[in-house]
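Colleague: Residue numbering for the sequence shown follows my numbering, beginning at 3 and increasing consecutively.
Cβ atoms here follow ideal geometry from the backbone N, Cα and C, with glycine treated the same way.
Below: one structure in C-alpha coordinates.
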Amino acid sequence: MRRLFYVTHGDVEMDPATPVPDWGLSVRGRARHEAFAARLGPVAAVFCSEERKARDGAEILCRGRGLVPKAVQALHENDRSATGYLPPEEFERVADAFFARPEESVRGWERAVDAQGRVVGALRQIAEEVPGGDVAVVAHGGVGALFRAHLLGSGIDRSHDQPQGRGGGHVIEVALPDWTLLRDWTALEDWPEMAE
(Lines of atoms letter the chains of each structure in order from A and count residues from 1; the text may use other names and numbers.)
(Lines give C-alpha, C1' and ligand atoms only; values in the text may rest on other atoms or scores of the structure.)
Protein backbone atom coordinates (compact mmCIF):
# COMPACT_ATOMS: atom_id res chain seq x y z
CA MET A 1 0.00 0.00 0.00
CA ARG A 2 1.23 3.46 -0.91
CA ARG A 3 0.31 6.55 1.03
CA LEU A 4 -0.26 10.21 0.29
CA PHE A 5 0.37 12.67 3.11
CA TYR A 6 -1.63 15.85 2.57
CA VAL A 7 0.03 18.55 4.68
CA THR A 8 -1.42 22.00 5.29
CA HIS A 9 1.11 24.78 5.78
CA GLY A 10 1.68 25.96 9.33
CA ASP A 11 1.56 29.43 10.86
CA VAL A 12 2.36 32.32 8.51
CA GLU A 13 3.70 35.85 8.76
CA MET A 14 0.56 37.83 7.92
CA ASP A 15 1.16 41.13 6.17
CA PRO A 16 -1.91 42.97 4.81
CA ALA A 17 0.40 44.95 2.47
CA THR A 18 1.68 41.76 0.81
CA PRO A 19 -0.42 39.54 -1.50
CA VAL A 20 -1.57 36.49 0.48
CA PRO A 21 0.15 33.98 -1.88
CA ASP A 22 3.47 35.66 -1.02
CA TRP A 23 3.18 35.20 2.75
CA GLY A 24 5.87 32.89 4.16
CA LEU A 25 5.95 30.67 7.22
CA SER A 26 6.50 32.31 10.59
CA VAL A 27 9.25 31.16 12.96
CA ARG A 28 6.65 29.01 14.76
CA GLY A 29 5.36 27.63 11.46
CA ARG A 30 8.88 26.64 10.41
CA ALA A 31 9.52 24.93 13.76
CA ARG A 32 6.30 22.92 13.43
CA HIS A 33 7.22 21.80 9.89
CA GLU A 34 10.70 20.82 11.10
CA ALA A 35 9.16 18.69 13.88
CA PHE A 36 6.96 16.93 11.32
CA ALA A 37 9.83 16.40 8.87
CA ALA A 38 11.86 14.69 11.61
CA ARG A 39 9.01 12.24 12.31
CA LEU A 40 7.83 11.41 8.79
CA GLY A 41 9.32 8.29 7.24
CA PRO A 42 10.74 8.12 3.71
CA VAL A 43 8.80 9.60 0.82
CA ALA A 44 9.48 9.19 -2.90
CA ALA A 45 8.46 12.74 -3.82
CA VAL A 46 7.28 16.04 -2.37
CA PHE A 47 4.83 18.32 -4.19
CA CYS A 48 3.50 21.70 -3.14
CA SER A 49 1.40 24.67 -4.06
CA GLU A 50 3.21 27.56 -5.74
CA GLU A 51 2.31 29.80 -2.78
CA ARG A 52 5.34 30.74 -0.69
CA LYS A 53 4.08 29.31 2.63
CA ALA A 54 3.53 25.89 1.03
CA ARG A 55 6.89 26.03 -0.76
CA ASP A 56 8.56 26.88 2.57
CA GLY A 57 6.99 23.80 4.19
CA ALA A 58 7.89 21.55 1.26
CA GLU A 59 11.51 22.72 1.27
CA ILE A 60 11.79 21.87 4.97
CA LEU A 61 10.36 18.42 4.28
CA CYS A 62 12.85 17.82 1.46
CA ARG A 63 15.93 18.72 3.54
CA GLY A 64 18.00 15.64 4.28
CA ARG A 65 15.93 13.51 1.93
CA GLY A 66 17.76 14.37 -1.29
CA LEU A 67 14.52 15.64 -2.81
CA VAL A 68 13.46 18.86 -4.47
CA PRO A 69 9.82 19.91 -4.12
CA LYS A 70 7.77 20.14 -7.29
CA ALA A 71 5.36 23.08 -7.35
CA VAL A 72 1.95 22.42 -8.92
CA GLN A 73 -0.16 25.43 -9.85
CA ALA A 74 -3.47 23.61 -9.31
CA LEU A 75 -2.71 23.02 -5.61
CA HIS A 76 -3.26 26.68 -4.68
CA GLU A 77 -5.73 27.71 -2.00
CA ASN A 78 -9.24 28.66 -3.07
CA ASP A 79 -8.90 31.82 -5.17
CA ARG A 80 -9.75 34.75 -2.92
CA SER A 81 -8.09 37.44 -5.01
CA ALA A 82 -11.41 39.26 -5.47
CA THR A 83 -11.25 40.37 -1.83
CA GLY A 84 -7.55 40.08 -1.05
CA TYR A 85 -6.67 40.22 2.63
CA LEU A 86 -9.67 40.32 4.97
CA PRO A 87 -9.47 40.97 8.73
CA PRO A 88 -9.83 37.66 10.64
CA GLU A 89 -13.48 38.03 11.73
CA GLU A 90 -14.62 39.05 8.26
CA PHE A 91 -12.52 36.30 6.68
CA GLU A 92 -14.19 33.66 8.88
CA ARG A 93 -17.67 34.90 7.90
CA VAL A 94 -16.83 34.74 4.20
CA ALA A 95 -15.16 31.33 4.60
CA ASP A 96 -18.30 30.03 6.34
CA ALA A 97 -20.36 31.20 3.34
CA PHE A 98 -17.83 29.66 0.90
CA PHE A 99 -18.41 26.22 2.45
CA ALA A 100 -22.15 26.69 3.06
CA ARG A 101 -22.90 27.71 -0.55
CA PRO A 102 -20.43 25.64 -2.62
CA GLU A 103 -22.18 26.26 -5.94
CA GLU A 104 -21.94 30.06 -5.56
CA SER A 105 -19.08 32.51 -5.87
CA VAL A 106 -19.14 34.29 -2.52
CA ARG A 107 -17.83 37.87 -2.88
CA GLY A 108 -16.02 36.87 -6.06
CA TRP A 109 -14.15 33.93 -4.50
CA GLU A 110 -13.66 30.74 -6.51
CA ARG A 111 -16.64 28.43 -6.04
CA ALA A 112 -16.01 25.57 -3.60
CA VAL A 113 -17.14 22.96 -6.14
CA ASP A 114 -14.60 24.28 -8.65
CA ALA A 115 -11.79 24.40 -6.09
CA GLN A 116 -12.61 20.84 -5.03
CA GLY A 117 -12.49 19.53 -8.60
CA ARG A 118 -9.21 21.32 -9.21
CA VAL A 119 -7.40 20.02 -6.12
CA VAL A 120 -8.74 16.45 -6.38
CA GLY A 121 -7.69 16.34 -10.04
CA ALA A 122 -4.21 17.62 -9.17
CA LEU A 123 -3.77 15.04 -6.40
CA ARG A 124 -4.88 12.19 -8.67
CA GLN A 125 -2.39 13.33 -11.32
CA ILE A 126 0.39 13.46 -8.70
CA ALA A 127 -0.40 9.90 -7.58
CA GLU A 128 -0.17 8.72 -11.20
CA GLU A 129 3.07 10.63 -11.76
CA VAL A 130 4.80 8.86 -8.84
CA PRO A 131 4.13 5.14 -9.42
CA GLY A 132 6.03 3.85 -6.37
CA GLY A 133 6.56 4.99 -2.81
CA ASP A 134 4.79 7.41 -0.55
CA VAL A 135 4.11 11.01 -1.58
CA ALA A 136 3.86 14.18 0.49
CA VAL A 137 1.91 17.21 -0.70
CA VAL A 138 2.17 20.56 1.11
CA ALA A 139 -0.78 22.82 0.34
CA HIS A 140 -3.64 24.59 2.12
CA GLY A 141 -6.42 24.10 4.63
CA GLY A 142 -9.39 25.33 2.61
CA VAL A 143 -8.80 23.02 -0.34
CA GLY A 144 -7.70 20.35 2.14
CA ALA A 145 -11.19 20.44 3.65
CA LEU A 146 -12.65 20.03 0.17
CA PHE A 147 -10.31 17.07 -0.47
CA ARG A 148 -11.34 15.43 2.82
CA ALA A 149 -15.04 15.81 1.93
CA HIS A 150 -14.32 14.12 -1.41
CA LEU A 151 -12.44 11.26 0.27
CA LEU A 152 -15.38 10.58 2.56
CA GLY A 153 -17.95 10.89 -0.24
CA SER A 154 -19.58 13.68 1.73
CA GLY A 155 -21.03 17.02 0.75
CA ILE A 156 -18.92 20.15 1.00
CA ASP A 157 -19.12 21.49 4.54
CA ARG A 158 -16.78 23.37 6.85
CA SER A 159 -16.87 20.42 9.28
CA HIS A 160 -14.18 18.86 7.05
CA ASP A 161 -11.76 21.69 7.84
CA GLN A 162 -8.62 21.10 9.89
CA PRO A 163 -8.97 21.86 13.62
CA GLN A 164 -8.89 25.57 14.34
CA GLY A 165 -6.75 27.40 16.85
CA ARG A 166 -3.32 26.00 16.02
CA GLY A 167 -2.39 28.15 13.04
CA GLY A 168 -2.99 25.50 10.38
CA GLY A 169 -0.31 22.86 10.03
CA HIS A 170 -2.16 19.53 9.96
CA VAL A 171 -1.80 16.26 8.05
CA ILE A 172 -4.17 13.64 6.71
CA GLU A 173 -2.87 10.26 5.56
CA VAL A 174 -4.53 8.63 2.55
CA ALA A 175 -4.17 5.07 1.23
CA LEU A 176 -3.38 4.70 -2.45
CA PRO A 177 -4.63 3.55 -4.89
CA ASP A 178 -8.07 3.32 -3.27
CA TRP A 179 -8.08 6.88 -1.83
CA THR A 180 -9.28 6.00 1.65
CA LEU A 181 -8.58 8.08 4.74
CA LEU A 182 -6.13 6.28 7.04
CA ARG A 183 -5.43 9.03 9.56
CA ASP A 184 -7.53 12.14 10.04
CA TRP A 185 -6.27 15.67 10.65
CA THR A 186 -3.26 15.50 12.98
CA ALA A 187 -1.22 18.54 14.01
CA LEU A 188 2.30 18.59 12.56
CA GLU A 189 3.92 18.44 15.99
CA ASP A 190 1.67 15.54 17.07
CA TRP A 191 2.55 13.31 14.11
CA PRO A 192 3.86 9.94 15.38
CA GLU A 193 7.43 8.91 14.61
CA MET A 194 7.46 6.66 11.55
CA ALA A 195 9.98 3.88 10.92
CA GLU A 196 12.63 4.45 8.28
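Would you mind sorting Asp-163 into buried or exposed? The rule is 16 or more other CB atoms within 10 Å of its CB.
Modeller: Residue mapping note: residue 163 aligns to position 161 of the sequence shown, counting from 1. It counts as buried.
Colleague: Would you mind stating whether His-142 and His-35 have Cβ atoms separated by less than 8 Å?
Modeller: Mapped onto the sequence shown, residue 142 falls at position 140. Mapped onto the sequence shown, residue 35 falls at position 33. No, these two residues do not count as a Cβ contact at 8 Å.
Colleague: For Gly-170, tell me which candidate among Asp-13, Pro-133, Phe-100 and Arg-5 has the shortest Cα-Cα distance.
Modeller: Along the sequence shown, read from residue 1 onward, the residue named residue 170 stands at position 168. Ranking Asp-13, Pro-133, Phe-100 and Arg-5 by Cα distance to Gly-170 puts Asp-13 first.
Colleague: According to the neighbour-count rule (16 or more other Cβ atoms, all chains shown, within 10 Å of its Cβ), is Val-70 buried or exposed?
Modeller: On the sequence shown, residue 70 is found 68 positions in, with the first residue counted as 1. Flag for Val-70 reads exposed.
Colleague: Verify whether the separation of the beta carbon atoms of Asp-24 and Arg-57 is less than 8 Å.
Modeller: Counting from 1 along the sequence shown, the entry for residue 24 is found at position 22. Counting from 1 along the sequence shown, the entry for residue 57 is found at position 55. Taking 8 Å as the Cβ cut-off, Asp-24 and Arg-57 do not qualify as a contacting pair.
Colleague: Using a 10 Å radius around the Cβ and a threshold of 16 neighbouring Cβ atoms, would you call Phe-74 buried or exposed?
Modeller: Numbered from 1 along the sequence shown, position 72 holds the residue referred to as residue 74. The question names Phe, but residue 74 is Val in the sequence shown. Looking at its Cβ environment, which holds 16 or more other Cβ atoms inside 10 Å, Val-74 is buried.
Colleague: Just the Cα atoms here: how many angstroms apart are Trp-187 and Met-16?
Modeller: Here residue 187 corresponds to residue number 185 of the sequence shown, with the count starting at 1. Here residue 16 corresponds to residue number 14 of the sequence shown, with the count starting at 1. Approximately 23 Å, taken between the alpha carbons.
Colleague: Please report the distance separating the alpha-carbon of Ser-260 from that of Pro-133.
Modeller: Only positions 3 to 198 of the chain appear in the structure, and residue 260 is not among them; the question remains open.
Colleague: Decide if Arg-120 is buried, meaning its Cβ has at least 16 other Cβ atoms within 10 Å, or exposed.
Modeller: For this step, residue 120 is matched to residue 118 along the sequence shown. Arg-120 is buried by the Cβ-count criterion.
Colleague: Any chance you could list the beta strand (DSSP E) runs of at least 3 consecutive residues sitting entirely within the segment 72-143, in chain order?
Modeller: If we require 3 residues or more, the beta strand (DSSP E) runs fully inside the segment 72-143 come out as 137-141.
Colleague: Determine the DSSP secondary structure at Asp-24, reduced to helix, strand or coil.
Modeller: Sequence index remark: in the sequence shown, residue 24 carries index 22 (1-based). Asp-24 falls in the helix class under three-state DSSP.
Colleague: Let's test the definition: count the other Cβ atoms within 10 Å of the Cβ of Phe-7 and tell me whether it reaches 16, buried, or not, exposed.
Modeller: Residue mapping note: residue 7 aligns to position 5 of the sequence shown, counting from 1. With 16 or more Cβ atoms within 10 Å of its Cβ, Phe-7 is classed as buried.
Colleague: Are the segment 94-102 and the segment 147-167 touching by the rule of at least three beta carbon pairs closer than 8 Å?
Modeller: In short, these stretches touch, since the Cβ pair count reaches three.
Colleague: In terms of alpha-carbon separation, which member of Ala-37, Glu-52 and Ala-151 lies closest to Trp-193?
Modeller: Residue mapping note: residue 193 aligns to position 191 of the sequence shown, counting from 1. Selected option, being the one with the closest Cα: Ala-37.
Colleague: Is it true that the segment 171-184 meets the segment 152-159, where meeting means three or more beta-carbon pairs spaced less than 8 Å apart?
Modeller: Taking 8 Å as the limit for Cβ pairs, the verdict is that the segment 152-159 does touch the segment 171-184.
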